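S.K.: Numbering (the working numbering), first residue to last: 3 to 147. Take this structure first; my questions come after.
This is how it looks when you write it as structure tokens:
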């Protein structure tokens, strides 16, 4: 994965600090892809973008990421960006809003009690403080009776 994106000029590059985090979080829900149509795949990518790339910077831990999945938080964070506000309106509308679905799925997938290999692996994408708090969960391969 290449974490640099082109900026305004041809030889002007900036590091995309959220690229690895976005990829890991999207992969957490898309790892097997069973039962997800293209609409939900795009919704997951959009929700991850809105939470990770918010103007306040990338989330420091899983708890902060999950807190950002609240519609009112996202609307407040992106209030100056018409594109992201339009995206939020789309994700928040309908009989079963995609934003609510993504919030539920990420909350379950990142829960400290979830011992699935994908959840354990993806909790490690956050900083050392988060890893220490979740150490009690253990790794799936090292759980002792």
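The beta-carbon is built from N, C-alpha and C at its ideal position, and this holds for glycine as well. What you are looking at is a predicted structure, and each value in this text was computed from that prediction instead of being measured.
Which residue marks the beginning of the alpha helix (DSSP H) containing residue 43, and which one marks its end?
M.R.: Here residue 43 is taken as the residue at index 41 of the chain shown, counted from 1. Counting along the chain, the alpha helix (DSSP H) containing residue 43 begins and ends at 40-54.
S.K.: Assuming residue 101 contacts residue 93 under a Cβ cut-off of 8 Å, what Cβ separation, rounded to an integer in Å, is found between them?
M.R.: For the purposes of this step, residue 101 is identified with residue 99 of the chain shown, where counting begins at 1. For the purposes of this step, residue 93 is identified with residue 91 of the chain shown, where counting begins at 1. Confirmed, Cβ separation roughly 4 Å.
S.K.: Leaving out the 5 sequence neighbours to the left and right, which residues in its chain are closer than 7 Å to residue 95 when beta-carbon positions are compared?
M.R.: As a first step, residue 95 is located in the chain shown; it is residue number 93 there, counting from the start. Cβ neighbours of residue 95 beyond the five flanking positions: none.
S.K.: Using 8 Å as the cut-off, can you tell me whether the segment 36-56 makes contact with the segment 85-92, which would need three or more C-beta pairs spanning the two stretches below that distance?
M.R.: Segments in contact, yes.
S.K.: Contact check, residue 19 vs residue 46 under 8 Å by CB: the rounded distance?
M.R.: Residue mapping note: residue 19 aligns to position 17 of the chain shown, counting from 1. Residue mapping note: residue 46 aligns to position 44 of the chain shown, counting from 1. In fact, because the Cβ distance is near 20 Å, the residues do not count as touching under 8 Å.
S.K.: Using CA coordinates, which residue listed in 113, 103, 110 and 114 is at the minimum distance from residue 153?
M.R.: Residue 153 falls outside the range modelled here, since the chain spans only 3 to 147, and no answer is possible.
S.K.: So, is residue 79 buried or exposed, given that buried needs 16 or more other C-beta atoms within 10 angstroms?
M.R.: If you number the chain shown from 1, residue 79 lands on position 77. Answer is buried; the Cβ neighbour count reaches 16.
S.K.: Just the Cα atoms here: how many angstroms apart are residue 30 and residue 81?
M.R.: Position 28 of the chain shown holds residue 30. Position 79 of the chain shown holds residue 81. The alpha-carbon atoms of residue 30 and residue 81 are separated by roughly 28 Å.
S.K.: By Cβ distance, which residues of its chain are closer than 6 Å to residue 8, with the 5 residues on each side in sequence left out?
M.R.: Your numbering for residue 8 matches position 6 in the chain shown. Note on residue 8: pLDDT 48, under 50, position unreliable in the model; the coordinate value appears next. So no residue of the chain qualifies.
S.K.: Near residue 51, which residues of its chain fall below 7 Å by C-beta distance, leaving aside the five closest residues on each side in sequence?
M.R.: Sequence index remark: in the chain shown, residue 51 carries index 49 (1-based). Closer than 7 Å at the Cβ level, and outside the excluded window around residue 51, lie 24.
S.K.: If we ignore side chains and look at the alpha-carbon of each, how far apart do residue 21 and residue 112 end up?
M.R.: The residue given as residue 21 occupies position 19 in the chain shown. The residue given as residue 112 occupies position 110 in the chain shown. Approximately 19 Å, taken between the alpha carbons.
S.K.: So which of 16, 91, 66 and 40 has the shortest CA-CA distance to residue 108?
M.R.: Numbered from 1 along the chain shown, position 106 holds the residue referred to as residue 108. Comparing Cα positions, the closest option is 66.
S.K.: Helix, strand or coil, according to DSSP, for residue 24 in the structure here?
M.R.: The residue you call residue 24 lines up with position 22 of the chain shown. Note: residue 24 maps to helix in three-state DSSP.
S.K.: Among residues of its own chain, excluding the 5 on either side of residue 77, which ones have a beta-carbon nearer than 8 Å to its beta-carbon?
M.R.: Here residue 77 corresponds to residue number 75 of the chain shown, with the count starting at 1. Result list for residue 77: 87 and 90, in chain order.
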